[in-house]
Amino acid sequence: MDNLRILEPGIQNVEFGKDIIIINPVNLYGCKIGDKTFVGPFVEIQKDVSIGARCKIQSNSFICELVSIGNDCFIGHGVMFINDTFVNGGPARGNKDLWKHTKIGNNVSIGSNATILPITICDNVVIGAGAVVTKNIFEPGVYAGNPARKLK
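Residues in the sequence shown are numbered consecutively from 0, following numbering that gives the first Met the number 0.
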């Protein structure tokens with residue numbers, strides 16, 4: 000057990016807006032969270048993430064580095080954001096130069112258990128539960144499936 004190191008979840012170096020609600024336990028570090036945003040339990044938001052005002056981040060979601068989320072967004076339970084696309088056939092293994100950005104516009108709702116690869120999503124989009132978003136979305140509407148496609 001001499002080589003065992005246990006780190007506790009917590010909140011460190013977070014820039015908070017006003018009237019934030021956070022339900023512990025969470026792991027938030029080096030990120031920005033806008034006014035009147037709710038963060039549910041068992042959420043991890045990593046450094047260099049920006050979340051706008053009046054958002055709701057539901058439980059068990061993971062928002063990795065290099066993600067930007069606009070205002071008035073809903074992130075359902077268990078949503079996973081990805082920044083490493085394994086461009087070299089495997090994990091970047093600390094080479095953050097291989098990681099990519101994700102930009103989510105305003106008024107975007109992402110259903111539970113969706114997976115969001117490093118892409119851009121415009122304003123006024125709904126992503127269905129369980130969808131896998133692999134390409135940029137530049138037109139408002141409802142998208143679902145694997146890979147996600149526009150339904151209406």
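Note that the Cβ used here is the ideal one computed from N, Cα and C, for glycine as well.
query: Three-state secondary structure assigned by DSSP to residue 27; result: strand
query: Among 66, 127, 58 and 97, the one whose alpha carbon lies nearest that of residue 151; result: 127
query: Own chain, CB closer than 7 Å to residue 139, minus 5 neighbours either side, in chain order; result: 121, 122, 123 and 124
query: Candidates 1, 20, 3 and 26: closest to residue 12 by CA position; result: 26
query: Counterpart residues of residue 14 in DSSP-defined beta bridges; result: 31
query: Rounded C-alpha distance that separates residue 82 from residue 111; result: 19 Å
query: Three-state secondary structure assigned by DSSP to residue 95; result: helix
query: Cutoff 8 Å; reference residue 65; Cβ partners in own chain excluding five residues on either side; result: 47, 48, 82, 98, 99, 100, 101 and 117
query: Whole alpha helix (DSSP H) elements within the region 54 to 121, 4-residue minimum; result: none
query: Best match in 10, 6, 53 and 39 for proximity to residue 22 [C-alpha to C-alpha]; result: 39
query: Opening and closing residue of the beta strand (DSSP E) in which residue 140 lies; result: 140 to 143
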